[in-house]
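>
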DNA sequence: GCTCTGTTTCGACAAGCGTCAAGGTAGACG
DNA sequence: CGTCTACCTTGACGCTTGTCGAAACAGAGC
């Protein structure tokens, strides 16, 4: 129970329902808070940024460990939190495991935060957001 | 020490430096994580949404307390967290205290999450973001 | 003074962060 | 094939931090 936050977020939040347009329901707030809580740590935020900005859109764990003064298990724990929040996915290729972000979820969360502007047609997200792959573990 | 996160966020994060464009520095991640952590709770997220979407852009605490099955002190505590994160400000007018959001900070955080799109000139935030009022406590 | 509103203080309980030790998995070598 | 090493994850344990409510406190209005 918690291995579907991305799909569920897409379902509950829907496309482009800004925070300031109408009050969040209890379910919406729980799903959104799960993502924000995952991003509410400096280390995880840097991990996310490192992965997202890495060449090719993916980064090996070995690239991430050296940046911090933290042990391997700690990094792995943080990556697990980001994974379970639906923000990243890990794929094993040979010896190394490569992580990449779900840019759709980031865009979706970004759209939720945008204030309800009068000249905004609320069409920031491109399309096809509702059919995202389910988080894999 | 912690009563300037809005101005400091504007200063550290700068205008429109998406998460996926380049890795966050340690300072940037700390400031951003402070905001995300404040939003990483369902109650606080709903409070934020209730205030932002309320008529007139502001809401009395009495309007917020009835929505939740929580005691008054708990709501007050959550409001304090949002206040110290620079997301809202409270103003006393007579008997009641009215809260309103800082839409600039939301827009700023939203811009950080937007993926680095090729056709995006990174000019989402209007302007004048760097001269925001300092958080008042 | 008394009441209403909202905050602060304090304590109990739960959740999160970090390290050490152990468990899988994949490639290298004999 | 067996073993060895490297890479990453998982589990278990302290320690810190966060969440919540009862009681006490501060402001405004009658």
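Chains as they are written, first to last, in this note's numbering: chain A, 130 to 266; chain B, 130 to 266. Note that CB positions come from ideal geometry on N, CA and C, so glycine has one too.
Could you tell me which residues DSSP pairs with residue 187(B) in its beta bridges?
Residue 187(B) pairs with 229(B).
> For the region 175 to 196 of chain A, which residues have a CB atom closer than 7 Å to at least one CB atom of chain B, in sequence order?
Of all residues in the region 175 to 196 of chain A, 175, 177, 178, 179, 181 and 182 have a Cβ within less than 7 Å of some Cβ in chain B.
> Report buried or exposed for residue 206(A), applying the criterion of at least 16 other Cβ atoms within 10 angstroms of its Cβ.
Classification for residue 206(A): exposed.
> Return the first residue and the last residue of the alpha helix (DSSP H) that residue 219(A) is part of.
Looking at the DSSP string, residue 219(A) is not in any alpha helix (DSSP H); the run it does join, the beta strand (DSSP E), is 217 to 222.
> Between residue 167(B) and residue 151(A), what straight-line distance do the alpha-carbon atoms span, to the nearest angstrom?
Those two C-alpha atoms are separated by around 20 Å.
> According to the neighbour-count rule (16 or more other Cβ atoms, all chains shown, within 10 Å of its Cβ), is residue 220(A) buried or exposed?
Exposed.
> Do the region 147 to 164 of chain A and the region 171 to 182 of chain B touch if we need at least three Cβ pairs shorter than 8 Å?
Because the criterion of three Cβ pairs below 8 Å is met, the region 147 to 164 of chain A and the region 171 to 182 of chain B touch.
> At least one CB of chain B closer than 9 Å to the CB of residue 173(A): is that the case?
At least one chain B Cβ lies under 9 Å of residue 173(A).
> Could you name the residues of the region 210 to 240 of chain B whose beta carbon sits closer than 8 Å to any beta carbon of chain A, in the order they occur along the chain?
For the region 210 to 240 of chain B, which is checked against every Cβ of chain A, the residues closer than 8 Å are 230, 232, 235, 236, 238, 239 and 240.
> Measuring only the C-alpha atoms, how far is residue 250(B) from residue 236(B)?
In this predicted model, residue 250(B) has a pLDDT of only 45, less than 50, meaning its place in the structure is not dependable; the value taken from the coordinates is given anyway. Looking at the two C-alpha atoms, the distance is approximately 16 Å.
> Kindly say whether residue 244(B), judged by its beta-carbon, lies nearer than 9 Å to any beta-carbon of chain A.
Closer than 9 Å: yes.
> Inspect the CB distances between the region 179 to 199 of chain A and the region 188 to 196 of chain B and report whether three or more fall short of 8 Å.
No contact exists between the region 179 to 199 of chain A and the region 188 to 196 of chain B.
> Taking the straight line between their C-alpha atoms, what separation do you get for residue 193(A) and residue 239(B)?
Approximately 25 Å between the Cα atoms of the pair.
> Buried or exposed for residue 158(A), going by 16 or more other Cβ atoms inside 10 Å?
Per the 10 Å Cβ criterion, buried.
> Excluding the 5 residues flanking residue 243(A) on each side, which residues of the same chain have their C-beta closer than 6 Å to its C-beta?
If we look at residue 243(A) and ignore the five residues flanking it on each side, its Cβ neighbours are 147.
> Verify the CB distance criterion: does residue 161(B) have a CB-CB separation below 9 Å to chain A?
At least one chain A Cβ lies under 9 Å of residue 161(B).
> Just reading off the alpha helix (DSSP H) that residue 159(A) is part of, what are its end residues?
Where residue 159(A) is concerned, the enclosing alpha helix (DSSP H) stretches over 155 to 167.
> Taking Cβ-Cβ distances shorter than 8 Å, what residues in chain A pair up with residue 158(B)?
By Cβ distance, chain A contributes 171, 172, 174, 175 and 178.
> Pull up the distance between the alpha-carbon of residue 162(B) and that of residue 196(B), whole angstroms please.
In a straight line, the C-alpha of residue 162(B) is about 27 Å away from that of residue 196(B).
> If we ignore side chains and look at the alpha-carbon of each, how far apart do residue 216(B) and residue 213(A) end up?
Going from the Cα of residue 216(B) to the Cα of residue 213(A) covers about 26 Å.
> Is DSSP giving residue 192(B) helix, strand or coil here?
If DSSP states are grouped into helix, strand and coil, residue 192(B) belongs with the helices.
> Check for me: the alpha helix (DSSP H) holding residue 178(B) runs from which residue to which?
Counting along the chain, the alpha helix (DSSP H) containing residue 178(B) begins and ends at 171 to 182.
> How should residue 198(B) be labelled, buried or exposed, when 16 other C-beta atoms within 10 angstroms of its C-beta is the threshold for buried?
Flag for residue 198(B) reads exposed.
> Does the CB of residue 199(A) have a neighbour CB from chain B at under 9 Å?
Not one chain B Cβ lies under 9 Å of residue 199(A).
> Is it buried or exposed, residue 169(A), if we count other Cβ atoms within 10 angstroms and call 16 or more buried?
So residue 169(A) counts as buried.
> With a threshold of 9 Å between beta carbons, is residue 153(A) in contact with chain B?
It does: the Cβ of residue 153(A) has a partner Cβ on chain B nearer than 9 Å.
> Going by other Cβ atoms of all chains shown within 10 Å of its Cβ, with 16 needed for buried, is residue 200(A) buried or exposed?
The residue is exposed, with fewer than 16 neighbouring Cβ atoms inside 10 Å.
> Using only alpha-carbon positions, find the residue among 165(B), 180(B), 233(B) and 164(B) that is nearest to residue 204(B).
With distances taken between Cα atoms, residue 204(B) lies closest to 180(B).
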